[in-house]
């Protein structure tokens with residue numbers, strides 16, 4: 004989750020272009036901790052990728068990643084429906100973990116509540132458990148905090164924050180760091196299930212503040228209510244990603260299209276860019292939001308996933324097989340573009356005349 | 004952290020007495036996830052202990068625990084000082100992890116901000132890094148979320164939540180589950196550094212709402228300002244705990260005295276109770292809060308640590324050696340009580356006429 008492009012993305016230590024002096028100081032302070040443990044425990048990657056990996060010795064690594072669902076919690080409040088957002092919490096975390104080639108094992112949750120509310124907690128647990136089932140992980144623990152002076156009550160006084168941290172094993176020899184990408188590689192996109200858990204602040208502003216719609220409003224393009232559309236759980240790509248890895252196809256990178264949309268591709272450290280010249284038609288919610296909010300193509304593609312929630316990068320020669328294997332899992336997938344040589348790590352979307360520059364599309 | 008006894012403690016699956024139907028449902032839903040992964044990845048303990056442990060195969064386990072600093076963040080805001088609360092975040096997590104016998108390796112942080120604030124983030128990173136140094140761990144990643152519609156701005160519009168998740172390795176043969184305690188074992192207490200990161204909602208109510216003090220108020224008993232006292236970072240017990248384990252002393256349990264105060268002792272699954280008949284004189288902040296707020300002994304001992312931040316349980320014959328080894332690390336420690344046979348797992352504090360009953364002292 005990343006409410007705005009400033010959040011998750013700007014703490015990255017591997018920003019294509021700079022970051023402010025303070026952002027760099029932030030990263031330096033945390034990076035200094037990499038020396039505070041012995042060789043077992045040392046992070047094997049830099050800050051800022053989708054997940055990091057701790058060296059466990061004997062060639063094994065423990066991947067770890069943390070993320071929350073952002074203000075999708077407010078949509079849940081408006082819908083008075085809390086039994087699916089736990090799926091989002093699992094999804095946001097396991098999808099990040101997959102990007103380093105790890106097999107997710109377990110997630111702990113953190114629930115901060117404006118007021119103690121057992122009914123909401125049980126509903127949240129239903130979603131967490133369903134997400135865990137889909138991802139094949141356990142939830143061995145968690146924390147619930149009642150923080151009435153810190154968490155807003157929101158539309159129905161049941162405000163809450165929901166965050167997860169996921170761990171998973173990876174053989175260091177098969178670690179995916181995004182450094183093996185090369186010009187000519189194929190980019191395969193997997194279908195999202197809607198806006199997922201990103202850009203909710205913008206979506207809420209457009210729909211509720213500007214348009215004055217409410218969650219119960221039925222919109223013809225969506226074939227359901229606005230609230231149902233926005234609350235649709237984030238897709239969990241564990242089965243697709245692991246089955247492709249297990250198939251023997253040489254997956255060079257998995258890239259989670261989360262906050263910052265397609266700019267996530269530029270998080271790979273390899274000196275490559277991306278030309279996305281075959282993006283699928285975005286599902287109706289995206290043109291609807293764009294039209295209603297008068298949002299530029301640049302902003303749409305750097306905030307929302309535009310129908311592509313997760314990407315795999317494989318060598319050109321493996322693309323057809325990878326697509327075939329992924330299609331067997333039943334989720335939509337497309338060859339959406341190609342890796343190109345580019346030391347500035349730009350993402351281009353020719354059909355929209357978009358070229359990324361640092362953290363934005365121009 | 005646990006803002007009130009309802010929070011962390013009541014989600015425990017191992018409550019001494021019951022828990023509501025909904026709390027049990029919550030635990031059942033999450034416990035069902037234990038079957039969603041293979042043998043590698045399966046939790047080896049029940050929900051509700053200080054940390055859980057994931058089976059990694061080959062006799063190794065990965066301990067994991069998550070906790071936040073609660074509304075101590077508001078004290079930081081009132082003091083306009085953000086460079087130490089990261090230490091609390093590390094402390095709350097590594098101290099929990101020690102309780103299963105694990106060696107902490109890494110922590111990821113989650114920072115949720117009312118508004119994006121690089122200055123605060125850098126200061127938070129300073130504390131996180133210092134905590135990591137003290138604990139000998141790395142901080143390989145984290146998440147920052149700008150959630151202006153969810154996180155209150157608080158006293159200076161710089162409101163934030165700060166949460167961590169810590170992982171660490173434990174040899175399953177040396178796992179400490181709290182089930183080996185036996186009548187006659189000695190309970191050793193280690194000095195806290197003040198209120199730590201617990202009971203802050205109560206402390207704030209007493210000091211600010213009821214007494215009308217401000218953080219700059221100098222109080223003779225404290226020898227410093229109220230704000231300095233309340234913001235004092237939580238002690239990190241990693242060095243003491245690991246050196247005692249490494250010494251060969253048979254440590255039967257480590258128990259983190261966090262939210263719920265001495266009631267934390269009753270989290271051990273063994274059919275034992277605790278008689279704390281030699282508690283040290285609490286440091287001045289505790290009688291000050293008690294007097295100012297007119298708080299009962301029962302509430303004081305079930306909310307605050309009363310000067311004892313962490314406990315070790317060893318066989319009676321090991322007590323003197325353990326005390327001697329712990330004293331070498333320079334932190335205050337005392338033999339504070341004894342384990343007794345008690346299937347109801349009560350905690351007794353004879354000097355205060357307190358006997359625990361479920362989640363409360365009577």
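Chains as they are written, first to last, in my numbering: chain A, 4 to 365; chain B, 4 to 365. For glycine and all other residues, C-beta sits at the position ideal for the given N, C-alpha and C. The model shown is predicted, which means the values in this text are computed figures rather than measured ones.
With a CB to CB cut of under 6 Å and the five nearest residues on each side skipped, what residues in its chain are close to residue i?
i: residue 21 of chain A; result: Low confidence applies to residue 21 of chain A: its pLDDT is 49, below 50, so where it sits in the model is not reliable enough to give any reading.
i: residue 296 of chain B; result: 209
i: residue 309 of chain B; result: 285, 289
i: residue 192 of chain B; result: 311, 314, 337, 339
Please identify the residue among the options whose C-alpha is closest to the C-alpha of residue i.
i: residue 305 of chain A; options: A:102, A:74, A:355; result: A:355
i: residue 288 of chain A; options: A:243, A:258, A:345, A:230; result: A:230
i: residue 48 of chain A; options: A:81, A:159, A:180; result: A:180
i: residue 242 of chain B; options: B:210, B:217, B:286, B:328; result: B:328
i: residue 318 of chain B; options: B:188, B:279, B:125, B:30; result: B:188
i: residue 82 of chain A; options: A:111, A:123, A:108; result: A:123
i: residue 113 of chain A; options: B:162, B:28, B:169, B:338; result: B:169
i: residue 303 of chain A; options: A:334, A:260, A:321, A:336; result: A:260
i: residue 346 of chain A; options: A:269, A:337, A:323, A:325; result: A:269
i: residue 264 of chain B; options: B:167, B:239, B:311; result: B:311
i: residue 155 of chain A; options: A:118, A:96, A:133, A:139; result: A:118
i: residue 334 of chain B; options: B:238, B:278, B:121, B:43; result: B:238
i: residue 79 of chain B; options: B:162, B:278, B:331, B:194; result: B:162
i: residue 282 of chain A; options: A:125, A:127, A:351; result: A:351
i: residue 322 of chain A; options: A:298, A:251, A:293; result: A:251
i: residue 26 of chain A; options: B:325, B:326, B:129; result: B:129
i: residue 96 of chain A; options: A:258, A:343, A:363, A:291; result: A:258
i: residue 240 of chain A; options: A:221, A:51, A:195; result: A:195
According to DSSP, is residue i part of a helix, a strand, or is it coil?
i: residue 327 of chain A; result: helix
i: residue 290 of chain A; result: helix
i: residue 14 of chain A; result: Low confidence applies to residue 14 of chain A: its pLDDT is 35, below 50, so where it sits in the model is not reliable, and the reading given next is rough at best. Three-state result, residue 14 of chain A: helix.
i: residue 260 of chain B; result: coil
i: residue 24 of chain B; result: helix
i: residue 87 of chain A; result: coil
i: residue 1 of chain B; result: This structure gives no information on residue 1 of chain B, because the portion of chain B shown stretches from 4 to 365.
i: residue 177 of chain B; result: helix
i: residue 92 of chain B; result: helix
i: residue 122 of chain B; result: helix
i: residue 4 of chain B; result: Note that residue 4 of chain B scores a pLDDT of 42, beneath 50, so its modelled location is shaky; the value from the coordinates is reported in the next line. Looking at residue 4 of chain B - three-state DSSP - the assignment turns out to be coil, as it is neither helix nor strand.
i: residue 321 of chain B; result: helix
i: residue 363 of chain A; result: strand
i: residue 19 of chain B; result: Note that residue 19 of chain B has pLDDT 31, beneath the 50 cutoff, so the model's placement of it is unreliable and no number is given.
i: residue 182 of chain B; result: coil
i: residue 298 of chain A; result: coil
i: residue 143 of chain B; result: strand
i: residue 196 of chain B; result: coil
i: residue 208 of chain A; result: helix
i: residue 345 of chain B; result: coil
Residues in the same chain with beta-carbon distance under 8 Å from residue i, minus the five sequence neighbours each way, listed in chain order, please.
i: residue 37 of chain B; result: 45, 46
i: residue 175 of chain B; result: 47, 56, 58, 62, 63, 64
Roughly how many angstroms lie between the CA atoms of residue i and residue j, to the nearest whole one?
i: residue 315 of chain B; j: residue 255 of chain A; result: 48 Å
i: residue 307 of chain B; j: residue 152 of chain B; result: 32 Å
i: residue 198 of chain B; j: residue 190 of chain A; result: 53 Å
i: residue 267 of chain B; j: residue 178 of chain A; result: 40 Å
i: residue 217 of chain A; j: residue 228 of chain A; result: 9 Å
i: residue 358 of chain B; j: residue 85 of chain A; result: 38 Å
i: residue 301 of chain B; j: residue 246 of chain A; result: 56 Å
i: residue 87 of chain A; j: residue 108 of chain A; result: 20 Å
i: residue 365 of chain A; j: residue 278 of chain A; result: 14 Å
i: residue 132 of chain B; j: residue 262 of chain B; result: 24 Å
i: residue 253 of chain A; j: residue 248 of chain B; result: 44 Å
i: residue 159 of chain A; j: residue 126 of chain A; result: 16 Å
i: residue 33 of chain B; j: residue 31 of chain A; result: 37 Å
i: residue 89 of chain A; j: residue 157 of chain B; result: 28 Å
i: residue 140 of chain A; j: residue 120 of chain B; result: 35 Å
i: residue 69 of chain B; j: residue 148 of chain A; result: 11 Å
Ignore the nearest five residues each way along the sequence and tell me which others in residue i's own chain have a CB closer than 7 Å to its CB.
i: residue 232 of chain B; result: 197, 225, 288
i: residue 222 of chain B; result: 229, 291
i: residue 342 of chain B; result: 184, 185, 186, 187, 188, 190, 275, 277, 316
Quick one: is the Cβ of residue i within less than 7 Å of any heavy atom of the ligand ATP?
i: residue 166 of chain B; result: The ligand content of the structure shown is nil, which means the ligand ATP is not present either.
Is the region 57-70 of chain A close to the region 139-146 of chain A, with three or more CB pairs under 8 Å? no
Check whether the region 269-284 of chain B touches the region 181-189 of chain B, taking contact to mean three or more Cβ pairs, one atom from each stretch, closer than 8 Å. yes
Given 8 Å, three or more beta-carbon pairs between the region 98-114 of chain B and the region 47-59 of chain B: yes
At least three beta-carbon pairs within less than 8 Å, the region 25-39 of chain A to the region 202-222 of chain A: no
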